[in-house]
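J.: Residue numbers (the working numbering), protein chains in the order written: chain A, -13 to 483; chain B, -13 to 483. Note that the Cβ used here is the ideal one computed from N, Cα and C, for glycine as well. Computed from a predicted structure; not experimentally measured.
#1: Three or more C-beta pairs under 8 Å: does that hold for the stretch 131 to 138 of chain A against the stretch 409 to 428 of chain A?
#2: Residues of chain B with a CB under 7 Å from the CB of residue 182 of chain A: which are they?
#3: For residue 195 of chain A, name the three-state secondary structure that DSSP assigns.
#4: Which residues of chain A have a Cβ atom closer than 8 Å to the Cβ of residue 280 of chain B, listed in chain order?
#5: How many Å lie between residue 279 of chain A and residue 249 of chain A at the Cα?
#6: Name the two residues that bound the continuous alpha helix (DSSP H) containing residue 378 of chain A.
#7: Taking 7 Å as the limit between beta carbons, can you name the residues of its chain near residue 381 of chain A, skipping five residues before and five after?
#8: Could you give the DSSP three-state label for residue 429 of chain B: helix, strand or coil?
#9: Ordered along the chain, which non-local residues of its own chain (more than five positions away) have a Cβ less than 8 Å from that of residue 217 of chain B?
#10: Would you kindly report the start and end of the unbroken beta strand (DSSP E) that includes residue 543 of chain A?
#11: Pair every Cβ in the stretch 165 to 175 of chain B with every Cβ in the stretch 321 to 331 of chain A, then say whether three or more of these pairs are closer than 8 Å.
#12: Please state whether DSSP places residue 80 of chain B in a helix, a strand or coil.
#13: Can the beta-carbon of residue 63 of chain B be found less than 8 Å from the beta-carbon of residue 352 of chain B?
#14: Kindly list the residues whose CB is nearer than 7 Å to the CB of residue 104 of chain B, restricted to its own chain and excluding five residues on each side of it in sequence; keep chain order.
#15: Against chain B, with Cβ distances strictly below 8 Å, would residue 438 of chain A count as a contact?
#16: Taking contact to mean at least 3 C-beta pairs separated by less than 8 Å, is the stretch 255 to 265 of chain A in contact with the stretch 283 to 292 of chain A?
#17: Sort out for me which residues DSSP pairs residue 287 of chain A with in a bridge.
#18: Would you verify that the beta carbon of residue 53 of chain B is, or is not, closer than 8 Å to some beta carbon of chain A?
#19: When the distance is taken between beta carbons, is residue 243 of chain A closer than 8 Å to residue 194 of chain A?
#20: Using a 10 Å radius around the Cβ and a threshold of 16 neighbouring Cβ atoms, would you call residue 468 of chain A buried or exposed?
#21: Once the 5 residues before and after residue 84 of chain B are set aside, which same chain residues still bring their CB inside 6 Å of it?
#22: For residue 228 of chain B, which beta-bridge partners are listed by DSSP?
#23: Distance check for residue 160 of chain B and residue 8 of chain A, CA to CA, integer angstroms please.
#24: Check residue 205 of chain A in the structure and name its three-state DSSP category.
#25: Assuming residue 427 of chain A contacts residue 447 of chain A under a Cβ cut-off of 8 Å, what Cβ separation, rounded to an integer in Å, is found between them?
#26: Give, in chain order, every residue of the stretch 55 to 66 of chain A whose Cβ lies closer than 8 Å to some Cβ of chain B.
#27: For chain B, find out if any of its Cβ atoms is closer than 8 Å to the Cβ of residue 313 of chain A; answer yes or no.
#28: Can a CB atom of chain A be found closer than 8 Å to the CB of residue 320 of chain B?
#29: Of the choices A/53, A/165, A/461 and A/206, whose alpha-carbon is the least far from that of residue 294 of chain A?
#30: Could you list which residues in chain A have their beta carbon closer than 8 Å to that of residue 192 of chain B, in chain order?
#31: When the distance is taken between beta carbons, is residue 183 of chain A closer than 8 Å to residue 305 of chain A?
#32: Under 8 Å between beta-carbons, which chain A residues line up against residue 247 of chain B? List them in chain order, please.
#33: For the stretch 122 to 187 of chain B, which segments carrying the beta strand (DSSP E) assignment without a break, of at least 3 residues, lie completely within its bounds, in sequence order?
#34: Residues of chain A with CB closer than 8 Å to the CB of residue 104 of chain B, please, in chain order.
#35: Quick one, which of B/388, B/434, B/460 and B/439 has its alpha-carbon nearest residue 410 of chain B's?
#36: Would you please verify whether the beta carbon of residue 137 of chain A is less than 8 Å from any beta carbon of chain B?
Below is the structure:
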C-alpha cells in the first residue's frame, strides 16, 4: 500500500499555525485531486495509513474523507478504500491571484453601460477639499449624542423583531419635522425611507418612467438626477430657467416626469415663486406628469424663513417630495426619504423589498430618537448660524480675491454658492487649474443638459472653516489672475506683426 | 383703511402654543391669499395697522411681508402698501387630508407593474411566527456587544470624512472571514457592500441582463431572485434539479445569467457536488453566462465542515458571489455583499453611487470591528450549536406529530428544513389552514418556476426555542390529521351509492 508521502505525489504535510488540522488535510487532498496529482480512479490509502502519514488520529482522517465524499471528490463504498472521482483538471490558482481572466465573454447590460458612461462627480467620498459642494461639516456634528442614540437603538434586548423598511417611529418623527419646517402635507405611511436622496430619485424614476418616455430636468440642474432619469432609458430634456425657475411658457411637449428644485434651485440658488409653482402644478396635473421635488438642503435658510415645499400645495397627488439627512447631519449617514402620493405607497413598499433597499434598523431607530428629542432641530439651528457665517465669509473673500472676475449673488440658504464668470469665459480650464492647486470647484457649464449658456464655479462653503475659506478664495483669485495674464499674453502674441 | 380683523375676511389671530408668531401670521396671510379670501389686487393694510391687528411688533409684520414678497404672494413697491398677486385659487387642504386625489393620471412603469404583481413573501418583517424561514433568532444576538461597536464607530470625533460605499476596513475583515470560512478567492476591492443579499442580486441582474435576455433559476428556487431577474425584463426559465442540483445535461439554450445556491440549495438543502460544479463552471464559461452564487446561510453547517464556495473554483471570472449578514447576525442589520469579478468592480462602484445604495458608515465601521475582534466568529459558532439543536428538535417533533404524512431529510446546515408531502397532496390549502392557527409555512409548490412537481412545507427552525418548536410541530400534526380526516370523509361521501 503506497504512502502518499513516499510516492511521486508530494503531499508532505506541514501543520500551519492558525489552521485546523482537518481543514489543512482536507485542503491538501482536495487540491491534489483537482490538480490531477491524485488521478481519476486512484485508490486512496486506508485511513490507518493516512493517519500515520499525516500524524493525526484516524477520526480526523475519517471526517476529512467523509467531507470529500459528500462533496463528490471521492467515492466510498463499505469496506473498500476511497477512489478519486472523475473530474476536470483545474488550473490551481495561486494564493495571490484574484481568480479571473479578463477575457471572459460576460457582457454588461445597456443600463450598466449607461451608468458607466456617466462621469458625474461624487462629492462626498474620499478626502474632500475646499470647496466640494453638498458637503456638511462633520467636524461640527455632535458625534457623541448620535453615538448614544445608536447605542440605545441597537442595545435593547427586547428588539426581537425587525422594524421593517420604514420604521414607524422614524416616519412619525420625520413627518412631524417636515410638516413643521417644510410645510409638507402627508400622513406618516407615505414616507419611504431610502439610503440617500439619490436612491429615492432613482426609485421614483424607475417607478414612473419607461424607456423612451420624456423627462424634464432643470438646465442647469442636478447631475445625479439626470443620471437617474437617463438610466431608465428615458429621453431627458433640459428645460431653460428664467428668473422664476423652469420656463413653462410655449412648451408643447408633454413629459411624464419633471425633476426640479423649487425651494433652492440647484445650482443657481433661485427660489421658484408661488405663481410659477401654481403654473407648474397645473401643468403637471394637465399633462399627467409626476414631479420630483428635490428639497436637498432647504433646512439651512439664512435670510427670512424657509420657503414652504411645493408638495404642500399639491392637490392632484403628482408630487414626489425627496429629502436627505446627508446634508443636515453627516455625509455617510446614508439616509434619505421620499413622500410619495398615497396611491403609490404600496408600489414603493414593494419596490423597496424587491430591490432590497432598506436602511439598518438601528440607524432608523436612532434617527427617530435624534429627531424626537430635539437634537436634530438644535443641530440645524446651530449649523444654520455657522453656515450663514461661512457663506458671508466666502462671498467677501472671493470679492476681495477675485474682484470683478466673479459675479456672486449670495444664496438665501443652502451649502454652496455660484460664482459666475464673465460671458465668453470657459470654466473648464479654470476648474482643472484649481484642481491642480488643491481646490475643488464644479464647473457651472457641466450642469447643463444640452447647450451650456453660462460658465462659473459652483462652490461649497459649508464644510470649511474661516481659515480654509480664506486660503481657498485666495487660491481662486490667484488662479483667475494667472489665467487672465496668460490670456493677455496670448492676445499680445497674436497681435504681434 | 380696512382692518383685516373687522372686514368680511376673518383673519382673527389666535396665537398657538409652540408656533412662532411670524410663522403663524405668515401661514394666515398665505392661506387667505391662496384661498382667494384676499383677492388679486387687494392692497394689504400698512404694516402699522397689521401690527395692531395682530398685536405684534411692526418688525414682525415686516419680516412676514418680506417673506410673502420673496415667494411672490404679494408685490411690494417702495412707499406703497403690498398688493396681493394674481394667483390661482387653491382648494385649501384641511389639516388631516393627505393632499391627493386618486384620480391623477400619473401611471407607473412596466418595471413597477412587474414588481407590484409579484406576491412573493417577505419573511423578516412585522411580527414573525413559527416557522417563518430565513429568520435568525434576534433573542440570542449579543445586542450589547454590537451596540458598543456601533457606538465606537459613530462616536469618533476624528471621523471628519465619509468612508464611502465600501469601507476598506470592512472589506478587509469580511474578505479574511470569507477566505477562511468559505474558501473564496478574491482581493478586497472586489467586495461590494449592499443593503442586503436581495440588493446585491438585483444589482447584479441589472448589470448583466437586458430585457429579453434569457436567465436561468433553479426550480424549485429562491423567489426573491426570480423577482429580481424578472424585473429586468429578462425571460426567466426554471431549471429542473436532479440529485446534484441544476440539471445541465441536454440543454441547448444559452442563458446570460444563472442563479444558483450550490452550497445549500434553496429550498431543498441539497449540496452540489464537485463534478456538477465543474460542469456548471465550464458551461458558463462556454456560454458566456454569469453565475450568481447565493451563499445565503452557509455559515451554519452542522455535519462535517462547510462546503467551499463555487466562487473559489472559478477561473474564468464568471461567478458573482452573494452573501448577507441578515441571517448570520440580525434580520434588520440590512447589510449584504457581493464579490464581483475584477473587471466588473468599476461598473459596480458606479452603479452603487448612481442608485444611491450605500450602507451607513457607522454600521460598516461597527461590522469591521465586530468581525475583526472575533465576535462574529464566536456568534456563528454559538448559533451553529443552537441551530443544530433546533433542527434536530423540529425534525423529531414533526416525525412524532405528523408521522408518515411528512418526509423529512434533515439538512446538513442552514436555518430551515423541507418537509415533503406525499405525491398527490396539495400544499396550498394546508398552508392556509396553518396560517389560520398561527403557523407560517412556505409551500414548496410556490418555489417552482413553471410547473410544480412536488408539494411540501418549507419551515424555518432557527428563530424558535424548543417550546415554540414543539407547539408548532404539534399544530402541524393536528392540521394534517384534520385535512386527512376531511379527505377520507369526502372520499367516503363520493363512494356512497
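T.: Let me lay it out:
#1: no
#2: 342 and 344
#3: coil
#4: The premise fails here: residue 280 of chain B is roughly 12 Å from chain A at the closest Cβ pair, so nothing lies under 8 Å.
#5: 9 Å
#6: 361 to 388
#7: 394, 396 and 403
#8: strand
#9: 97, 100, 101, 188 and 191
#10: Lying outside -13 to 483, the shown extent of chain A, residue 543 of chain A is not represented and no answer is given.
#11: no
#12: In this prediction, residue 80 of chain B has a pLDDT of 36, which is less than 50 and means its spatial position is unreliable; nothing more can be read from the coordinates.
#13: no
#14: 213
#15: no
#16: no
#17: A/399
#18: yes
#19: yes
#20: exposed
#21: Summary for residue 84 of chain B: the model assigns pLDDT 41, below 50, so the residue's position carries little reliability, and this model does not support an answer.
#22: B/231
#23: 23 Å
#24: strand
#25: Actually they are not in contact, since the Cβ atoms of residue 427 of chain A and residue 447 of chain A sit about 12 Å apart, beyond 8 Å.
#26: 56, 57, 58 and 59
#27: no
#28: yes
#29: A/165
#30: 95, 97 and 98
#31: no
#32: Within 8 Å Cβ-Cβ: nothing; residue 247 of chain B doesn't reach chain A, min ~15 Å.
#33: 177 to 180
#34: 336 and 340
#35: B/439
#36: yes
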